[in-house]
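Some notes on the structure that comes next.
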Amino acid sequence: MKIIYHPFMLESYDSTPAGAPGRLESAVEILSKQPDYEFIEPPLATEEQILRAHSREIMEQVQRNERLSRVSLLAAGGAILAGEIAVKREPVFALIRPPGHHASEDSNWGYCYLSNLAIALLHLKAQGMIESAFVLDFDLHDGDGTINILGGDKRFTIYNPNGNGDDQYLADAKHALDNSPDVDIIVASAGFDE
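Residue numbers for the sequence shown, in this note's numbering: 2 to 195.
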């Protein structure tokens, strides 16, 4: 499996809990011990890629902080690279931060600055690599940013299970996947709440 990751993501990029160091180290340590896993560093997402999902104002807001800008563009670039690998039917995991599912076209909150997943899916669509996608967003909160950007397009199905307990949660997610329309790609969006 390919792991999309950049060491810069370990560094603190703002004063929020999500921006603090220590959020990815354990995952990096565990994944790096797997002999069949290949770590790949992502490129920075381009302005053109960002503007498919976000307003210029959001992009400029992120660019005001050099560290935040770099890590956000790496995260979005990582999501794009993961998507490009996934459409080739290769297993891939994007170990990226900051998270993005609360970032909308014209606003952001919840420690999310750019909607990495929306940027990636809109890039794949623009390149003719996909026409449709199923998004499983598992986090304590709904991915309102992802919904705001992609939810109006019926070719994107976004599901956030709200089951009570692990068994119900998994059953709900399985039911949604089993009953979803045929799609070109299935992606998971994991939040950083806990």
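The beta-carbon is built from N, C-alpha and C at its ideal position, and this holds for glycine as well.
Residue i Cβ short of 7 Å to the ligand FAD heavy atom set
| i | result |
| --- | --- |
| N149 | This structure does not include the ligand FAD; it has no bound ligands of any sort. |
Terminal residues of the alpha helix (DSSP H) in which residue i lies
| i | result |
| --- | --- |
| T47 | That residue, T47, is in no alpha helix (DSSP H); it is neither H nor E in DSSP. |
| S33 | E26 to S33 |
| E61 | R57 to Q64 |
| I97 | That residue, I97, is in no alpha helix (DSSP H); it is neither H nor E in DSSP. |
| Q169 | D167 to D179 |
| G146 | D145 to L151 |
| N117 | N117 to A127 |
Rounded separation between residue i and residue j - CA only
| i | j | result |
| --- | --- | --- |
| R68 | K155 | 36 Å |
| L115 | G101 | 5 Å |
| D167 | D173 | 10 Å |
| L122 | I131 | 8 Å |
| D37 | V72 | 26 Å |
| I148 | H103 | 9 Å |
| Y176 | Y160 | Here the sequence assigns His to residue 176, which means Tyr is not the residue at that position. Using only the alpha carbons, I get a separation of about 11 Å. |
| E58 | D107 | 7 Å |
| C113 | P162 | 20 Å |
| M10 | S181 | 34 Å |
| K79 | V93 | The amino acid at residue 79 is misidentified as Lys; the sequence shows Gly. Each residue's Cα considered, the two are about 11 Å apart. |
| S13 | G23 | 9 Å |
| Q128 | M60 | 21 Å |
| L32 | E39 | 9 Å |
Limits of the beta strand (DSSP E) - the one that residue i falls within
| i | result |
| --- | --- |
| Y14 | Segment: none, Y14 is in no beta strand (DSSP E) and carries neither H nor E. |
Residue i classed as buried or exposed, judged by whether at least 16 other C-beta atoms fall within 10 angstroms
| i | result |
| --- | --- |
| D138 | buried |
| D179 | exposed |
| H7 | buried |
| D145 | buried |
| S190 | buried |
| S70 | buried |
| P43 | buried |
| I187 | exposed |
| H142 | exposed |
| I120 | buried |
| N165 | exposed |
Rounded distance between the beta-carbons of residue j and residue i, thought under 8 Å
| i | j | result |
| --- | --- | --- |
| L82 | I5 | 5 Å |
| A134 | R98 | Not a contact, Cβ separation roughly 22 Å. |
| S105 | I150 | 6 Å |
| L45 | L96 | Not confirmed; about 17 Å, so no contact. |
| K3 | E91 | 6 Å |
Residue i - partner residues in DSSP beta bridges
| i | result |
| --- | --- |
| V88 | Per DSSP, none; premise fails for V88. |
| V188 | V136 |
| F157 | A134 |
| F40 | I4 |
| V93 | K3 |
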